[in-house]
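Taking it in order: structure first as C-alpha cells, then the write-up.
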Amino acid sequence: MSESAEPHTGDPIGEHVTEHAGEHRDYVGAKLGMWIFVFTELILFGGLFVAYGMYRSMHPHEFHHASGELNVTLGVINTLILLTSSLTMVLSIVAIRLQRKGQSIAFLAATMVLGCAFLVNKFFEWSAKIHHGLYPGSEHLMARPPGERLFFGLYYGMTGLHGLHVTVGVVVMSIMMALLVRDKIRHDDFIKLENTGLYWHLVDIIWIFLLPLFYLAA
Amino acid sequence: MSSTTAHEADSPHVVGYATFIKVWLALVVLTGALVGLSSAHNPNLALLGLLIITPTKASLVLFYFMHLKYEKAGLKYMVTTALAVLVIFIFLTFSDYLFR
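First to last, the protein sequences are chains A and B. The first sequence maps to residues 4 to 221 in the working numbering. The second sequence maps to residues 75 to 174 in the working numbering.
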C-alpha cells in the first residue's frame, strides 16, 4: 500500500492505524465514530427529556397522578433485566479478549435473551395499558386532563423509541454472534463487538433515566 | 492505559470479570435504593434519588461498562464536552421557560 493510501491519522488520542495481512484497520477511528453516534443519540433523547421536564413543570399534579397508573414492578424488573444484560455484554467482550470464545458466545447469547425478555415485558405492559383504553388518541385518554394526555404521549413516545433501540440492539447482536462464531471477531480484532457494547450500554443509560421519570414519578 | 488497539489486545492487561460483576452489584443496590426513596412518599427524598442516584448509576455504566475510565484523555474530553453541551441546552431551555 502506498504512503498516500494510508494518511497520517493525527488523532488526538494517540493510537495507531494497523495493517493486518493487507487489511486496513483503524480501531481508534472506529471507536471514535461510534462515540460520535452515541452523542447524537444523547441529543435525541436529551431533547425528549427536556420536553418531559417542561410539561411536567406545567402539569405537576397530572403527571404525578398519571405516573401512579404505571406498573412499578414491571418497570423495576425491566431495569434489572437491562442492567444484567449490560453486564453480560461487557463480559462477552472481556471473554473474547481473553481468547475464551465459548464464553464470549454464551455471554452474547445471554445478552440477546435478556434484550428479548425486556421487549416481552414491554409488550405485556403496553397491552395492558391499551386494553384499559390508555393509548394516544383513545376516547378514554382524550376525556382526561391535558397533563395526563401529555404524560401518556411522552410515555409511549419515549419508551417506544427506547424499545426500538432495544430491538435494533438485538438485531445487531445477532449479526455479531454470526461474526463471533465464524472467527470474524477475535481476541485481536473485536472492535465491532466493542462498538455494539457501547450502543447497548447507551440503551441501558437511557432506561436508567426513564425508570424514575415515568415509573417512580408518583 | 487504553485497551482496544490490536497490539494491546495481546497484552494481559484486560479488566477481569470481577470488576464488572461488582459494578453490576452496585447498580442493582442503587436501583433498590432509588425505588426505596421514591416509595417513601417524601417528594424531597424522591428528588434526591432522581438527582443523585440516577446520575451515579449512569456514570457507573459510562465509566466501567462503556470503558471510559480506561480510555485516554482525548476521548474523555470529548465525552465531557458532549455532556456539557447537553446540560447547557437543558439549562437554557428551562431558563427561557422560567423567566419568560
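Glycine included, every Cβ here is placed at the ideal spot set by N, Cα and C.
| query | result |
| --- | --- |
| Quick one: is the Cβ of R152 (chain A) within less than 7 Å of any heavy atom of the ligand SAM? | Annotation note on the ligand SAM: not contained in the displayed structure, which lists no ligands. |
| In terms of residues, what are the limits of the alpha helix (DSSP H) holding R59 (chain A)? | 30 to 61 |
| Any chance the region 138 to 156 of chain A sits against the region 53 to 69 of chain A, with 3 or more Cβ pairs inside 8 Å? | yes |
| Return the residues of the region 180 to 206 of chain A that lie within a Cβ-Cβ distance of less than 8 Å from chain B, sorted by chain order. | H190, D191, D192, F193, I194, E197, G200, L201, H204, L205 |
| Distance check for V75 (chain A) and Y218 (chain A), CA to CA, integer angstroms please. | 5 Å |
| Apart from the five residues on each side of it in sequence, which residues of its chain come closer than 7 Å, Cβ to Cβ, to F121 (chain A)? | N81, I84, L85, V169 |
| What in chain B is Cβ-close to T87 (chain A), meaning under 8 Å? | W98 |
| Once DSSP output is grouped into helix, strand and coil, what is the label at E26 (chain A)? | strand |
| I'd like to know whether the C-beta of A92 (chain B) is nearer than 8 Å to at least one C-beta of chain A. | no |
| Confirm, please, whether the CB-CB distance from V88 (chain B) to L101 (chain A) is below 8 Å. | yes |
| Mind pulling the chain A residues with CB within less than 9 Å of V25 (chain B)? | Past the boundaries of the shown model lies residue 25 (chain B); chain B is included only from 75 to 174, so the question cannot be answered. |
| Taking A132 (chain B) as the query, report the chain A residues whose CB atoms sit under 8 Å from its CB, ordered along the chain. | I208, I211, F212 |
| Looking only at its own chain, which residues have a Cβ that is under 8 Å from the Cβ of L137 (chain A), when we skip the five neighbours before and after it? | E72, H143, L144, F155 |
| Using a Cβ-Cβ cutoff of less than 7 Å, which residues in the same chain neighbour P139 (chain A) once the five nearest sequence positions on both sides are dropped? | F155, G156, Y159 |
| Which of the three DSSP states is assigned to T154 (chain B) in this structure? | helix |
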